[in-house]
């Protein structure tokens, strides 16, 4: 037994670890592995990983990369205490050959980081045998970093919303790239306000993620004594760093007002801005609401001819920061503002 093993990498293999226990399934054993990365496995990866995970009580980081045979993820199954339910799910998986991966219940306390990369068929599902709200990813209550890249079906069961992540109160970093063009920010607010700790967010290739989002909808509260209406207190955000190519949805007054007190770094990408030569007045005004901004970057705005007006008003911007672009016109504009806005590369 490899008692000192901390990291396990399995890459481009037909199987994960082979039959576990050597036919001695009644023998209890465990490994103190803290990090596992599996990549391009071609066998029954879901079943093998389901069998292995209960034997890894200290697992804190799990990376699943390019495993096309894992098609469903079920979180929070206690394989030992809920044997009947787990067996039913596993039996259904084997019958349908749909590649189910079961996360055992102990991961809710041990797992700190989860990475899913290029698993095009993988879908997060909520097992009906579990208590509502205790499945999904919400069961991973100790999760701090979640990265889902180029797995467009992962959140499809939940109408491409963030509801299955909304109770991850320990989450500090969330990166979602290529998770579906219909992905919306519904459920995000609870990660950014009271009880949430999210401070770094990346959302790429979901062009309407922030569209029509109002984190602080106007809610009138009736005064119990005088019957007068009062505005509900505005929620404050925990988010410090943001990377996105949904510029149109982000640069709206309600969103920027919500982020104004916390956001210090903003990275905007122009993938969905073909033909855009300048920012609208509404977008420029919204950008100026980000009064805590210290670093600002523009990437791949290939047609942009005019930087947003009012950059001088963002007085918190650090002189050593960078604004990236491709057009010579923008470089000239930045050179003309040396000392008042960040430099350009």
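Residue numbers (mature numbering (1 follows the signal peptide of the UniProt record, and there is no 0)): -25 to -1, 1 to 320. Think of the CB as a built atom: it goes at the ideal place given N, C-alpha and C, for glycine as much as any other residue.
What is the DSSP secondary structure of residue i, counted as helix, strand or coil?
i: residue -21; result: coil
i: residue 152; result: strand
i: residue 14; result: strand
i: residue 31; result: coil
i: residue 92; result: strand
i: residue 253; result: coil
i: residue 230; result: helix
i: residue -11; result: coil
i: residue 243; result: strand
i: residue -1; result: Only weak support is given to the placement of residue -1: the predicted model assigns it a pLDDT of 49, under 50, and the value that follows is read from those uncertain coordinates. Here residue -1 sits in coil by DSSP.
i: residue 199; result: Low per-residue confidence applies at residue 199: pLDDT is 49, beneath 50, and the placement is therefore not dependable, though the value from the model is reported in the following sentence. If DSSP states are grouped into helix, strand and coil, residue 199 belongs with coil.
i: residue 83; result: helix
i: residue 48; result: strand
The alpha helix (DSSP H) with residue i in it runs from where to where?
i: residue 76; result: First-last for residue 76: 75 to 79, but that is the beta strand (DSSP E), not the alpha helix (DSSP H).
i: residue 381; result: Residue 381 cannot be examined here, being either before or after the span of the chain that is shown, -25 to 320.
i: residue 225; result: 222 to 225
i: residue 158; result: Careful: residue 158 lies outside any alpha helix (DSSP H) and carries neither H nor E.
Indicate whether at least one CB of chain D lies closer than 8 Å to the CB of residue i.
i: residue 175; result: Looking at the structure shown, chain D is missing, and only one protein chain is on hand.
Ordered along the chain, which non-local residues of its own chain (more than five positions away) have a Cβ less than 6 Å from that of residue i?
i: residue 228; result: 261
i: residue 10; result: -19 and 36
i: residue 242; result: 218 and 272
i: residue 120; result: 88 and 148
i: residue 42; result: 16, 20 and 94
i: residue 150; result: 122 and 177
i: residue 240; result: 216 and 270
i: residue 133; result: 139
i: residue 113; result: 142
i: residue 115; result: 83 and 86
i: residue -12; result: 17 and 18
i: residue 190; result: 164 and 233
i: residue 254; result: 283
i: residue 168; result: 210
Over the uninterrupted beta strand (DSSP E) stretch that includes residue i, give me the two end residues.
i: residue 100; result: 98 to 100
i: residue 217; result: 216 to 219
i: residue 176; result: 175 to 179
i: residue 37; result: 36 to 40
Residues in the same chain with beta-carbon distance under 7 Å from residue i, minus the five sequence neighbours each way, listed in chain order, please.
i: residue 45; result: 20, 21, 39, 74, 76, 94 and 97
i: residue 129; result: 91, 97, 98, 99, 123 and 154
i: residue 81; result: 32
i: residue 187; result: none
Leaving out five residues on either side along the sequence, give the residues of the same chain with a beta carbon under 8 Å from the beta carbon of residue i.
i: residue 251; result: 245, 276, 278 and 279
i: residue 238; result: 212, 214, 215, 216, 217, 265, 267 and 268
i: residue -10; result: -16, 13, 16, 18, 20, 23, 24 and 27
i: residue 199; result: Low confidence applies to residue 199: its pLDDT is 49, below 50, so where it sits in the model is not reliable, and the reading given next is rough at best. If we look at residue 199 and ignore the five residues flanking it on each side, it has no Cβ neighbours.
i: residue 162; result: 136, 137, 138, 139, 140 and 141
i: residue 247; result: 182, 220, 221, 222 and 223
Which full runs of the beta strand (DSSP E) of 3+ residues lie inside the segment 266 to 293, going along the chain?
You should have 270 to 274.
Would you check if the segment 213 to 233 and the segment 155 to 175 touch, i.e. whether three or more CB-CB distances between them fall below 8 Å?
Using a Cβ-Cβ distance cut-off of 8 Å, the segment 155 to 175 and the segment 213 to 233 are in contact, since at least three pairs of beta carbons, one from each stretch, lie closer than that value.
Unbroken beta strand (DSSP E) runs of length 3 or more, entirely within the segment 113 to 150: which are they?
Unbroken beta strand (DSSP E) stretches of 3 residues or longer found wholly inside the segment 113 to 150: 120 to 124, given in chain order.
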